[in-house]
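The next block holds one structure in the form of structure tokens; read it before the comments.
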Amino acid sequence: MGIPQPAFYIFKCEQSAPPGMPKPSCVSAQNPESQELFQYLAQKLMQEGVMGTVQPIRTGCMNRCNVGPVMLVEPGHIMYTGLTKEKIDRIIKEHIMEGKVVEEYVIDSELWDEPISPADMKKQMGM
Ligand code: FES
10 MGIPQPAFYI FKCEQSAPPG MPKPSCVSAQ NPESQELFQY LAQKLMQEGV
60 MGTVQPIRTG CMNRCNVGPV MLVEPGHIMY TGLTKEKIDR IIKEHIMEGK
110 VVEEYVIDSE LWDEPISPAD MKKQMGM
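Count along the sequence shown starting at 1, add 9, and that's the number in our numbering.
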């Protein structure tokens, strides 16, 4: 038997804007909880005993800064916004453990429309 691949990857945006930057960021001094969310997520996965088959990944900006803190759950391309510890608890319980996406925390479809295939994008660029 081979090494099993993870069932889920959770990409947590860990971008922090430098002090004085007007742009919002997913990790910021103004929101102290935002600085603890990755650690919290990892601890919860360990407590559940699912670390490894659920792999949390620290990532950079995913260009949805205005609705941060955000994280992307794969597979499924599910982007969760406005994260707090409470929201992470529910996402782990309902989405990760029970397979039900927590729709009320999912990004607005206006901000997360269908993807453009790379082949179509190349055409749009006239290449
Ligand atoms: S800083 Fe997190 S999406 Fe941009």
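Ideal Cβ positions, reconstructed from N, Cα and C, are used throughout, including at glycine.
Given residue i, which residues of its chain have a CB within under 6 Å of its CB, disregarding the five upstream and five downstream residues?
i	result
Asp26	It should be pointed out that residue 26 corresponds to Ala in this sequence rather than to Asp. Closer than 6 Å at the Cβ level, and outside the excluded window around Ala26, lie Lys32 and Ser34.
Arg99	Val111
Looking at the strands, I want to know which residues DSSP matches up with residue i.
i	result
Gln64	Tyr18
Val115	Tyr89
Asn40	Ser37
Val82	Ile19 and Ile87
Ser25	Val36
Straight-line CA distance for residue i to residue j?
i	j	result
Val115	Gln39	23 Å
Val2	Leu50	The structure shown does not extend to residue 2, since the chain is modelled only from 10 through 136, so no value can be given for it.
Ala128	Leu81	24 Å
Pro84	Pro28	34 Å
Glu103	Met71	24 Å
Lys109	Met30	37 Å
Gln64	Glu123	25 Å
Gln14	Gly61	9 Å
Ile101	Ser126	30 Å
Met106	Trp121	24 Å
In its own chain, which residues sit with a C-beta less than 8 Å from the C-beta of residue i, not counting the 5 before and 5 after it?
i	result
Glu42	Thr93 and Lys94
Ile87	Leu81, His104, Val110 and Val115
Gly69	Cys22, Glu23 and Gln24
Looking only at its chain, what residues have a beta carbon closer than 7 Å to the beta carbon of residue i, apart from the 5 residues adjacent to it on each side?
i	result
Asn75	Pro33
Arg67	Lys21, Glu23 and Phe47
Lys131	none
Looking at residue i and the ligand ZN, is the gap between the Cβ and the nearest heavy atom below 7 Å?
i	result
Gln24	This structure does not include the ligand ZN; its bound ligands are the ligand FES.
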